[in-house]
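Peer 1: Starting off with a structure, shown below.
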Amino acid sequence: AQKVTQAQTEISVVEKEDVTLDCVYETRDTTYYLFWYKQPPSGELVFLIRRNSFDEQNEISGRYSWNFQKSTSSFNFTITASQVVDSAVYFCALSEDNTDKLIFGTGTRLQVFP
Amino acid sequence: DTGVSQDPRHKITKRGQNVTFRCDPISEHNRLYWYRQTLGQGPEFLTYFQNEAQLEKSRLLSDRFSAERPKGSFSTLEIQRTEQGDSAMYLCASSLFDSADIQYFGAGTRLSVL
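Structure below.
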C-alpha cells in the first residue's frame with residue numbers, strides 16, 4: 001500500500017536558520033513520482049518539485065534543496081537561510097505509475113520567526 | 115494563463131441542505147481531480163476525470179457525493195443532504211495527462227455545515 005509519513009508535525013525556527021523537513025514514503029511500485037507542495041495561510045497548494053523514482057540526483061533551487069534516497073525511502077526538503085515568508089504547511093506526496101492520484105502526508109507546519 | 119479557479123471560496127450551509135461547487139481547470143488540461151482536506155490533515159483524493167470521463171472514485175465518496183465534468187472543461191461537485199462531517203476544504207486540481215504530470219491546485223472551497 002502507498003503511504004507518506006511526515007513525522008514532524010510542527011517546526012519553529014528563527015530567521016536565517018537552516019531547516020530540514022522529513023518525508024518517508026512506502027510503495028511497491030518501481031516507477032513512482034514524489035512531490036513537495038507548500039500551503040501558505042491563503043490555502044492554495046503551491047507546487048515546489050517533482051522527482052521520478054529513477055532520478056536520485058539531489059536538486060537545488062535557490063534556497064531550497066531536496067535529498068532523494070531510495071535506500072531509505074526518503075525525500076527530504078531543506079530550506080537554507082529561512083525567511084519569514086517560508087512560514088507555511090509543507091506537504092510531501094507520492095504518485096504511482098499505475099494510479100493517478102496523489103497520496104499526501106499529514107504535512108509539516110513551519111514557522112519562521114523574525 | 116490563469117490557474118485553477120474554484121467557486122465559491124466559502125460556503126456555509128445547514129445540515130441536510132445540498133451544495134454544489136465549481137472548478138475551472140487550467141485550459142488544455144485533460145485531467146481534473148477533486149480532493150478533500152480536513153483540519154490538520156493532508157488532502158485526500160476523492161475522484162478524477164480524464165476529459166469528461168470519471169475514471170476513479172475513492173471510497174470516501176459516498177452516495178451523497180456526485181461529480182461531473184460534462185464537456186471536459188469545468189467540473190462540479192455536489193453534496194446532497196450535507197452532514198457536519200462534510201465540513202472540510204474541497205480542493206480541485208488539474209494536470210495535463212497522467213500521474214507523472216504536475217497537479218496544479220485551486221484555492222479551494224471551504225465548506226462549513228452547521
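Protein sequence lines correspond, in order, to chains A and B.
Quick note on our numbering: the first sequence kicks off at 1 and runs consecutively.
Quick note on our numbering: the second sequence kicks off at 115 and runs consecutively.
For glycine and all other residues, C-beta sits at the position ideal for the given N, C-alpha and C.
What residues from chain B crowd round A:Asn52, counting only those whose CB sits closer than 9 Å?
Peer 2: Going along chain B in sequence order, the residues near A:Asn52 (Cβ under 9 Å) are Ala214.
Peer 1: With DSSP run on the structure shown, which of helix, strand or coil describes B:Asp177?
Peer 2: Note: B:Asp177 maps to coil in three-state DSSP.
Peer 1: Could you give the DSSP three-state label for A:Thr72: helix, strand or coil?
Peer 2: Reduced to three states, the DSSP call for A:Thr72 is helix.
Peer 1: Closest to B:Gln194 by CA distance: which of B:Gln120, B:Phe135 and B:Ser119 is it?
Peer 2: With distances taken between Cα atoms, B:Gln194 lies closest to B:Phe135.
Peer 1: Exposed or buried, which one is A:Val85 when buried takes at least 16 other CB atoms within 10 Å?
Peer 2: Exposed.
Peer 1: Would a check of beta-carbon distances place B:Glu170 closer than 8 Å to chain A?
Peer 2: Closer than 8 Å: yes.
Peer 1: Out of B:Gln151, B:Leu174 and B:Phe188, which one is the CA nearest neighbour of B:Phe163?
Peer 2: Nearest option by C-alpha distance: B:Phe188.
Peer 1: If I'm right that A:Ile79 touches A:Val19 with Cβ under 8 Å, what's the distance once you round it to whole angstroms?
Peer 2: Contact flag correct, Cβ pair sits at about 5 Å.
Peer 1: If the cut-off is 7 Å on Cβ atoms, which residues from the region 87–106 of chain A count as contacting chain B, listed in chain order?
Peer 2: Residues passing the 7 Å Cβ filter: Phe91, Ser95, Glu96, Asp97, Thr99, Asp100, Lys101, Leu102, Phe104, Gly105 and Thr106.
Peer 1: Indicate whether A:Leu102 and A:Ala88 have their beta-carbon atoms separated by less than 8 Å.
Peer 2: No, these two residues do not count as a Cβ contact at 8 Å.
Peer 1: Quick one: residues in its chain with C-beta nearer than 7 Å to the C-beta of B:His143, no 5 flanking neighbours on either side, listed in chain order?
Peer 2: Cβ neighbours of B:His143 beyond the five flanking positions: Ser208, Ser209 and Leu210.
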